[in-house]
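Note that the sequence shown covers residues 8 to 750 in my numbering.
We treat Cβ as the ideally placed atom computed from N, Cα and C, and that holds for glycine.
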Amino acid sequence: MNKIIFDENNRIFKLDTPGSSYMIKIADEEGFLLHMYYGKRLNSTITDDLCRLEQSPFIPSKNERERASFMDCAPFEYPCHGLGDYRDDAFSVLNKAGHTATSFSYRSHKIYSGKHALKGLPATFGTEDECETLEITGADEANGLEITLFYSVFYDTDAIVKSVRIENTGNADIKLTKVLSSCVDFYGDEYDTVFLHGSWARERIIDRKPLGYGKHYVSSLRGESSHQEHPFIGLLAKNADEDNGEVYGFNFVYSGNFIAQAEKSQFDSVRVLMGINPVDFCWNLKPGEEFYAPEVICVYSDKGIGGMTRSFHDLYRRHLIRSKYKDRKRPILINNWEATYFNFDTEKLISIAKRASALGIEMLVMDDGWFGHRNDDSSSLGDWYVNEEKLPGGLKYLVDEVNKLGLKFGIWMEPEMISPDSDLYRAHPDWAIQIPGRTPVRSRAQLVLDLSRDEVVEYVYGRISAVLKSANIEYLKWDMNRQLTDIGSFGLAPEAQGELFHRYVLGVYALQDRLTKDFPDLLLENCSGGGARFDPGMLYYSPQIWTSDDQDPVERMKIQQGTALIYPLSTMGAHVCDCPNHTTGRTTPFETRGYVALAGTFGYELDVTRIPETDQALIPYQIKMYHRFNDLVRTGDYYRIASFLENHEWDAWEVVSPDKSEALLTVINVSARVNMKARPIKLKGLDPEKMYTVTFVDIKAEPGKEQTLTLPGDALMYAGINPRIDNAGDFRGRLIYLRSENV
Ligand code: GLA
């Protein structure tokens, strides 16, 4: 059963997942830790010497004269700074003497069942029966530091999880200026990289390109993982596609500044680094103190990009998301943001709730504008007291009325923020992040609270918990609508200002940790100006995250395709919007908006009392559709079939139940194509031996009245199926449901 072994003769660690192996070698008398291999699973530790230890340049004990050559080409497992490895490194310091160099020499290791938690940080988890962990400890004696590298392998997915702990074992203070969480050195091959780039309302668009020489990276210095770039890097063999070829994916379990980089060296080797962005990072470590660098998830697939995707989905569903809702159908909500913006009161909300309840919607979420004197975005963040002018009788009255209508109630808050026009700011101007002597940069008119300060965290928590306890509130949308600037804290000493970015993120985590423990039944949805903090760190606290402020289904297909590259469909907040869409101005069929939202959590964001009668009439059918298919969508294996970003015409994706007895194919004919009927769509992931009943879903049809066919799995996958979409116009969609009785 052992998944991690230590081959004492060759001094090699071998870590196995079901389909991959990862090997590390302790080399030379100095205890260099070298990366040997990461790829398809191997049966033993026997390989040629991939670290090239017997070839020139020789290891230092055999050729001290050319130590520099060794340092500059050896595949280091945790590359250090300033001693001859000129590729980018993972670890640097500023010590008392003013020196920046670091080193790592192996000292000891431990292998054990199960997995450790990371103090104050989100982390994957698993029982002793589910995973095994290796800890390799090394020393940087000149700096008085102990460095521990953690590796956990899960028995049920092709993922290896890495993290790092630095301990000051010396007797002098030291500053950590860079502590990345993972490095993998790949041996000379041609690769493509995949990054997810974006902007507001256009998050996580897939960007694949060939990897040339030099450093290629994405990063954030915005204090959050961001709309713009994503803490993910994919490394693809040239021939890898959706279904075939070798693919590596790295994803950072962190919600603040990051760097994800691939560097192709002079020798064609490729170094992939990931961790906290070292820019503006400087952590003081006193003797006896420890620093934990967050986790990186490494996934290997020899089944193309789709294989990588499904491993991430499985890992996150089983070993990262903790909420009790993760395995449950979420209540179908209606959110009033795009229905009313700030212009609402109790009466308006109740009129929405009444209609929503009659149509089968299950929860009303009241968005921004219910507190302080907030009637636009210029004030009141921090003053989390209900505005009784808008909501007479307060939250309790409103929530009770909504509950009486048979709906649950949810609320929006933006706990990390402070408006200069707020009682909170007037009382505590020093609680905002800012630099004395500079006028802080406003964004959406607001400033950010200094969550590195305990008293600020305490205040924020007090307000959140008071609001939640004031009425029967069952859902919280936790928003974060601006990125950080003016990095200065009135609570930190001058030498600790370089800790603010990371301490801010730790403050967010501490708040959400406490919240989820004190309110275990609360459904938490994270959000950040749309999807700027959609990352594994936040998924540890909330089972769903608002994917984007762009709800136009055509744009959403791109955004959801990029997001689902790593994150399960069950985590993507997705709503049916009004038309013309508020972001793009595009008009699309109501049915199609429903099909696209079905690939996420599913809900509505429109004024249900005002949309056309014909659309209102469709809602009960869409709700039936959600209840019919959500279990499959939430738990199934996801396959990308076609992307209109590539073919410019049509898009399709599929979800298959783990036992292959059921599947749901969604096809959207984005730009009407004549003779679409003649285009066979080849399904994926079915059992070739099984017969499937294929149902052309008609959400309005009586049970048993939908058109069906019976076809074998192999024909469906290799010959394909006609989707039977007519040429009635752009943006037409179709659901096709497959079920096999002979499981
Ligand atoms: C952000 C969110 C929106 C909405 C507004 C309210 O933009 O992404 O969904 O909540 O804030 O101000």
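Query                                                                                                            : Result
Which residues DSSP lists as bridging residue 489, in chain order                                                : In DSSP, residue 489 forms no bridge with anything.
Nearest-angstrom Cα separation, counted from residue 422 out to residue 340                                      : 22 Å
Inter-residue Cα distance where the pair is residue 437 and residue 509                                          : 19 Å
Within 8 Å, strictly: CB atoms of residue 548 and residue 523                                                    : yes
For residue 716, the residue or residues it bridges with in DSSP                                                 : 701
Where residue 318 sits in the DSSP three-state scheme                                                            : helix
Residue 384 CB to nearest heavy atom of the ligand COA below 7 Å                                                 : Here the bound small molecules are the ligand GLA; the ligand COA is not part of this structure.
Lining residues of the ligand GLA - beta-carbon closer than 6 Å to any non-hydrogen atom, in sequence order      : 344, 374, 375, 419, 486, 488, 534, 536, 537, 553 and 556
Bounding residues of the beta strand (DSSP E) (the contiguous stretch that carries residue 693)                  : Neither: residue 693 is in no beta strand (DSSP E) and is coded neither H nor E.
DSSP bridge partner residues for residue 217 (one or two, in chain order)                                        : 199
Buried versus exposed, by CB contacts within 10 Å (16 or more), residue 506                                      : buried
Limits of the beta strand (DSSP E) - the one that residue 252 falls within                                       : Unbroken run through residue 252: none, as it is neither H nor E.
Length-filtered (3 minimum) beta strand (DSSP E) runs lying within the stretch 601-688                           : 610-612, 644-649, 657-663 and 669-676
Segment contact flag, the stretch 331-348 with the stretch 628-646, C-beta cutoff 8 Å, min 3 pairs               : yes
Three CB pairs or more closer than 8 Å across the stretch 489-503 and the stretch 459-468                        : yes
Cβ neighbours of residue 622 in the same chain (closer than 6 Å, five flanking residues each side left out)      : 597
Buried versus exposed, by CB contacts within 10 Å (16 or more), residue 52                                       : buried
Whole-number beta carbon distance between residue 192 and residue 278, since they are thought to touch under 8 Å : 5 Å
Identity of the residues DSSP links to residue 340 by a beta bridge                                              : 370 and 610
Per-residue DSSP class, three states only, for residue 566                                                       : helix
Segment limits, beta strand (DSSP E) that includes residue 184                                                   : 181-193
Closest by C-alpha distance to residue 312, when choosing among 80, 412 and 250                                  : 250
Strand pairing of residue 118, partner residues [DSSP]                                                           : 141
Limits of the beta strand (DSSP E) - the one that residue 80 falls within                                        : Not the beta strand (DSSP E): residue 80 falls in the alpha helix (DSSP H), residues 74-80.
Classification of residue 263 by the beta-carbon crowding that lies within 10 angstroms, buried from 16 upward   : buried
C-beta contact flag for residue 82 and residue 97 at 8 Å                                                         : no
Those residues which DSSP pairs with residue 27 across a bridge                                                  : 47
Cβ-based burial, residue 575 [other Cβ within 10 Å; buried from 16]                                              : buried
Candidates 195, 243, 234 and 521: closest to residue 217 by CA position                                          : 243
Enclosing beta strand (DSSP E) for residue 430 [first to last residue]                                           : Where residue 430 is concerned, there is no enclosing beta strand (DSSP E), although the alpha helix (DSSP H) it sits in stretches over 430-434.
Coil, strand or helix - residue 508 by DSSP                                                                      : helix
Element boundaries [beta strand (DSSP E), containing residue 301]                                                : 297-308
Reduced DSSP secondary structure (H/G/I, E/B, other) of residue 346                                              : helix
Within 8 Å, strictly: CB atoms of residue 636 and residue 605                                                    : yes
Residue environment, residue 634, which counts as buried when at least 16 other CB atoms sit within 10 Å         : exposed
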